[in-house]
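S.K.: Questions regarding the structure given below will be posed in turn.
See below:
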């Protein structure tokens, strides 16, 4: 049977995404799956993602290191060095945003069942909102990203960016991100 539905316009697609983003639990029938309920990430898949993270030129440039990776969750950090600072002595906001996007992006990649380390599908950021709460001035910047809700093609994440100074950790930014699964061309 042929598909008789007419294609939707891009504005309609974004409108649908906004509705889903406003009510992410609707993707999982009102029951967001906690991270603990997610199946474990295959060790080979984890190694592949860790290697890819370490090989990302932009991440190396800012010194971003992967600290923890599990299905639907990622944690990464970077030492704060003068090259990351703006004229007032805090990490430049674009760097803070990049750290949130990178960390949530790799958390999103853990949701793709890649089997025993195979490459293939990817994720792309569809929407990204960052709220800066205080200047990121300190010794280390650390981000923790966690899945809020996901389907086979769309995933919603929250990311918290912290600044660590002399052992004290403070929340400096909060981000909400939406990712779309990209399938390779066959």
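Numbering (the working numbering), first residue to last: 6 to 191. Heads up, the beta-carbon is just placed ideally off N, CA and C, and yes, glycines get one too.
I'd like to confirm the pairing. Which residues does DSSP put opposite residue 73 in its beta bridges?
M.R.: Residue 73 is bridged to 80.
S.K.: May I ask which residues mark the beginning and end of the beta strand (DSSP E) holding residue 147?
M.R.: Unbroken beta strand (DSSP E) run through residue 147: 145-155.
S.K.: In chain order, what residues of the same chain lie with their CB nearer than 6 Å to the CB of residue 155, ignoring the 5 residues before and after it?
M.R.: Result list for residue 155: 116, in chain order.
S.K.: From residue 163 to residue 108, what does the alpha carbon distance come to, in whole angstroms?
M.R.: Their backbone Cα atoms lie some 10 Å apart in a straight line.
S.K.: Does the pairing of the stretch 143-151 with the stretch 80-90 give three or more beta-carbon distances under 8 Å?
M.R.: Cβ pair count under 8 Å is three or more, so yes.
S.K.: How is the beta strand (DSSP E) around residue 166 delimited, first residue to last?
M.R.: Segment 159-170, the beta strand (DSSP E) holding residue 166.
S.K.: For my contact list, residue 112 and residue 168 are in at a C-beta cut-off of 8 Å; report their separation, rounded to the angstrom.
M.R.: Not really, about 20 Å apart at Cβ, beyond 8 Å.
S.K.: When you compare each of 105, 74, 46 to residue 55 by their alpha carbons, which one comes out closest?
M.R.: Checking every option, the nearest Cα to that of residue 55 belongs to 74.
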